[in-house]
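J.: Quick one: the structure is below, and I'll ask about it shortly.
There are 4 protein chains.
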Amino acid sequence: MNPMKMDMQACIDACLDCYKTCLSSASHHCLEAGGPHTEPAHFRLMLACAEMCRASAHLMLLGTDAHRHSCAACAEICAACADDCERVGDMDACVAACRHCADECRKMAA
Amino acid sequence: MNPMKMDMQACIDACLDCYKTCLSSASHHCLEAGGPHTEPAHFRLMLACAEMCRASAHLMLLGTDAHRHSCAACAEICAACADDCERVGDMDACVAACRHCADECRKMAA
Amino acid sequence: MNPMKMDMQACIDACLDCYKTCLSSASHHCLEAGGPHTEPAHFRLMLACAEMCRASAHLMLLGTDAHRHSCAACAEICAACADDCERVGDMDACVAACRHCADECRKMAA
Amino acid sequence: MNPMKMDMQACIDACLDCYKTCLSSASHHCLEAGGPHTEPAHFRLMLACAEMCRASAHLMLLGTDAHRHSCAACAEICAACADDCERVGDMDACVAACRHCADECRKMAA
Chain A
319 MNPMKMDMQA
329 CIDACLDCYK
339 TCLSSASHHC
349 LEAGGPHTEP
359 AHFRLMLACA
369 EMCRASAHLM
379 LLGTDAHRHS
389 CAACAEICAA
399 CADDCERVGD
409 MDACVAACRH
419 CADECRKMAA
Chain B
319 MNPMKMDMQA
329 CIDACLDCYK
339 TCLSSASHHC
349 LEAGGPHTEP
359 AHFRLMLACA
369 EMCRASAHLM
379 LLGTDAHRHS
389 CAACAEICAA
399 CADDCERVGD
409 MDACVAACRH
419 CADECRKMAA
Chain C
319 MNPMKMDMQA
329 CIDACLDCYK
339 TCLSSASHHC
349 LEAGGPHTEP
359 AHFRLMLACA
369 EMCRASAHLM
379 LLGTDAHRHS
389 CAACAEICAA
399 CADDCERVGD
409 MDACVAACRH
419 CADECRKMAA
Chain D
319 MNPMKMDMQA
329 CIDACLDCYK
339 TCLSSASHHC
349 LEAGGPHTEP
359 AHFRLMLACA
369 EMCRASAHLM
379 LLGTDAHRHS
389 CAACAEICAA
399 CADDCERVGD
409 MDACVAACRH
419 CADECRKMAA
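See below:
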């Protein structure tokens with residue numbers, strides 16, 4: 319497997335990890351905590367980030383060049399979600415997963 | 319409902335229509351016709367376009383500003399899919415759905 | 319187009335309509351209203367219903383017999399979501415979309 | 319973490335692994351090999367299996383009891399996909415991922 323393909327595999331893993339972390343954190347931690355955690359703009363962004371990560375992984379698994387566009391979008395959305403999770407606080411796992419996914423997606427979008 | 323919201327509704331409809339057209343065309347017309355219709359690069363792009371349209375509609379339904387990024391990606395991928403369907407030929411419904419979705423997504427990404 | 323195919327088209331439409339209604343109601347009406355609308359069990363079921371409807375439509379668009387299984391699952395989940403939306407109250411659009419989708423999916427699962 | 323939750327985590331992992339294996343095998347191995355690998359009924363079932371696995375993982379990540387229904391459907395579709403991959407041949411990774419996912423889903427559906 320060549321270096322490009324190892325990068326893509328790492329990005330697929332980062333996207334699916336971020337998808338799982340954001341979706342389960344929203345549905346468990348955020349819904350149970352309430353307050354700022356279910357503030358509409360924050361919660362919507364969590365779900366949007368989960369969906370975009372899932373779609374980016376899908377395009378990379380398909381193996382089409384179109385992944386450059388989905389990875390570019392995913393990098394932006396993950397960065398925004400990481401910032402918002404930091405603002406809300408007590409969301410360390412999401413912040414870490416989003417930052418890592420944003421980094422990996424940025425590389426694949428280049 | 320204000321003009322912005324009517325634009326978004328039109329874009330959601332365009333995305334879901336393009337999703338349905340690309341996925342069912344790939345799974346019926348392309349698989350049954352074979353030849354250039356199942357050429358890997360073409361078929362993968364059809365499936366990638368379907369997925370990206372589905373994800374863009376999802377982010378707009380969620381109602382988050384993050385849809386700007388997914389719509390920008392979707393516009394690029396739909397335009398590429400339309401071009402490739404024209405090249406392969408006998409894919410008029412996909413070409414039309416992709417061109418329309420690209421136009422609507424470009425407006426929402428602005 | 320034969321009667322079977324018209325039934326399937328109606329079921330695809332019902333699934334995508336229920337998907338859109340549940341997802342946007344959860345992300346707009348429920349998150350904005352709070353209280354019982356963001357009670358974890360209720361909100362999770364709304365998101366689960368949206369996902370199952372989306373997947374059922376996908377399998378029917380692909381045109382595989384496997385849709386019988388996804389439609390059976392979708393009928394059960396839509397019925398449960400309709401009941402829960404009635405319990406919470408002020409969710410008439412979701413109740414109607416879920417009941418209709420459950421009916422259409424039950425026919426396709428038979 | 320109690321035993322039930324460890325079972326669910328194992329099932330989520332099995333579903334996402336089967337999703338990745340079926341989608342990338344269809345888009346790479348099957349499209350490149352052609353012949354029986356792009357026979358419509360086989361290829362559609364591969365894509366249907368990928369989608370159902372993805373949806374089942376999603377419902378378990380959400381943490382709702384509705385996963386019982388999606389896992390029941392997923393077990394049936396994975397078993398059918400494993401059988402069809404054995405019939406076509408040269409699909410060992412898919413057969414293994416589908417059989418494992420069917421087993422895990424059957425436990426979660428009970």
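Residue numbers (my numbering), protein chains in the order written: chain A, 319 to 428; chain B, 319 to 428; chain C, 319 to 428; chain D, 319 to 428. Note that the Cβ used here is the ideal one computed from N, Cα and C, for glycine as well.
Along the chain, where does the alpha helix (DSSP H) that runs through C:M409 open and close?
T.: Unbroken run through C:M409: none, as it is neither H nor E.
J.: Do three or more CB pairs link the segment 335 to 350 of chain D to the segment 406 to 418 of chain C at distances below 8 Å?
T.: no
J.: Helix, strand or coil for C:D325 per DSSP?
T.: Three-state result, C:D325: helix.
J.: Quick one: which chain A residues come within Cβ less than 7 Å of D:H346?
T.: G381
J.: Given a cut-off of 9 Å, decide if C:L377 and D:A366 are closer than it, judged by their beta-carbon atoms.
T.: yes
J.: For D:C403, which of D:C419, D:C340 and D:E394 has the nearest alpha-carbon?
T.: D:C340
J.: Indicate whether at least one CB of chain D lies closer than 9 Å to the CB of C:I330.
T.: no
J.: So is B:A428 buried or exposed if we call it buried at 16+ other beta carbons inside 10 Å?
T.: exposed
J.: Flag B:M319 as yes if its beta-carbon sits less than 9 Å from any beta-carbon of chain C, otherwise no.
T.: With a pLDDT of only 43 at B:M319, under the threshold of 50, the placement of this residue in the model should not be trusted, and no figure is reported.
J.: Check whether the Cβ of C:Q327 lies closer than 9 Å to any Cβ atom in chain D.
T.: no
J.: Which residues in chain A have a C-beta closer than 8 Å to the C-beta of D:S342? List them in chain order.
T.: Residues of chain A with a Cβ closer than 8 Å to the Cβ of D:S342 are, in chain order, L379, L380 and G381.
J.: Under 8 Å Cβ-Cβ, which residues of chain A neighbour C:R362?
T.: S345 and L349
J.: Which of the three DSSP states, helix, strand or coil, is assigned to D:E357?
T.: coil
J.: Reducing DSSP to helix, strand and coil, say where D:T382 ends up.
T.: D:T382 falls in the coil class under three-state DSSP.
J.: Taking C-beta pairs closer than 7 Å, name the residues in chain D that C:E394 reaches, listed in chain order.
T.: H387
J.: For C:I330 and D:F361, I'd like the C-alpha separation in whole angstroms.
T.: 20 Å
J.: Measure the beta-carbon distance from B:A400 to B:C423 and round it to whole angstroms, keeping in mind my assumption that it falls under 8 Å.
T.: The Cβ separation is near 12 Å, so there is no contact.
J.: For C:V406, is the classification buried or exposed, using 16 other Cβ atoms within 10 angstroms of its Cβ as the cut-off for buried?
T.: buried
J.: Going along chain B, which residues have a C-beta under 7 Å from A:L365?
T.: L380
J.: What's the gap between the Cα of A:A390 and the Cα of A:A368?
T.: Taking the straight line from one Cα to the other gives about 15 Å.
J.: Once DSSP output is grouped into helix, strand and coil, what is the label at D:A293?
T.: Lying outside 319 to 428, the shown extent of chain D, residue 293 of chain D is not represented and no answer is given.
J.: Please report the straight-line C-alpha distance between D:G352 and B:G353, rounded to a whole angstrom.
T.: 10 Å
J.: Using 9 Å as the limit for Cβ to Cβ distance, is A:R372 near chain B?
T.: With 9 Å as the cut-off, A:R372 counts as an interface residue toward chain B.
J.: Compare the C-alpha of A:S388 against each of A:R372, A:C336 and A:A397 and name the closest.
T.: A:R372
J.: Could you check if A:S388 belongs to the surroundings of the ligand SAM, using beta carbon to heavy atom distance under 8 Å?
T.: Within the structure as shown, the ligand SAM is missing, as the structure has no ligands at all.
J.: Applying the criterion that 16 or more other CB atoms from any shown protein chain within 10 Å of the CB defines a buried residue, is D:E324 buried or exposed?
T.: Note that residue 324 of chain D corresponds to Met in the displayed sequence, not to Glu. By the neighbour-count rule (16 or more Cβ atoms within 10 Å), D:M324 is not buried but exposed.
J.: Contact criterion: CB-CB distance below 9 Å. Does B:P354 meet it with respect to chain A?
T.: no
J.: Among D:A375, D:S343, D:A359 and D:S342, whose alpha-carbon lies nearest the alpha-carbon of D:C419?
T.: D:A375
J.: Going along the chain, which residues of its own chain have a beta-carbon closer than 8 Å to the beta-carbon of B:A359, five neighbours each way excluded?
T.: D402
J.: At the 9 Å Cβ level, is D:E404 part of the contact set with chain C, yes or no?
T.: no
J.: Work out the CA separation of A:L379 and B:C336 for me, nearest whole Å.
T.: 21 Å
J.: Does chain C have any CB closer than 9 Å to the CB of B:H376?
T.: yes
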